[in-house]
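Enquirer: Each residue of the sequence shown is one higher than the last, beginning at 1 in full-length UniProt numbering.
Even glycine gets a Cβ: it sits at the ideal position worked out from N, Cα and C.
Attaching a single structure in structure tokens format; questions to follow.
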Amino acid sequence: MGEEFTGVVDRFEGDQAVILLEADGETVDEVVLPRTDLPGDGDRVDAILRIVREGDEIREIEFDAEESKRRKESVNDQFDRLSERPD
């Protein structure tokens with residue numbers, strides 16, 4: 001079946017998407033794919049993807065809406081806490 005990773009869309013360089021691959025919460029690799037290969041909702045920076053890879057070949061890629069939402073809320077919560085003035 002291949003290895004499963006969490007992918008985070010890090011940035012776009014022209015028509016290419018740079019995706020960081022995570023395993024057990026750590027970044028372990030990065031892949032560069034044509035932007036057109038991303039699933040519709042995954043075509044944005046910080047989108048979370050589920051990726052199955054065999055060797056250097058991507059076999060499956062799908063947008064993970066729940067994890068994308070969870071991470072965005074976590075970042076927003078951290079930002080809110082940091083922006084509060086101390087008493």
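Mind checking which residues open and close the beta strand (DSSP E) that includes D29?
Expert: Element bounds for D29: 26 to 34.
Enquirer: Roughly how many whole angstroms lie between the Cα atoms of G42 and E26?
Expert: In a straight line, the C-alpha of G42 is about 20 Å away from that of E26.
Enquirer: Given a cut-off of 9 Å, decide if E4 and R50 are closer than it, judged by their beta-carbon atoms.
Expert: Against a cut-off of 9 Å, the Cβ pair of E4 and R50 comes out as a contact.
Enquirer: Between the stretch 31 to 46 and the stretch 7 to 22, do at least 3 Cβ pairs fall closer than 8 Å?
Expert: The answer is yes - the stretch 7 to 22 touches the stretch 31 to 46, with three or more Cβ pairs under 8 Å.
Enquirer: Locate the beta strand (DSSP E) running through D10, then write down its first and last residues.
Expert: 3 to 13 is the span of the beta strand (DSSP E), which, as asked, contains D10.
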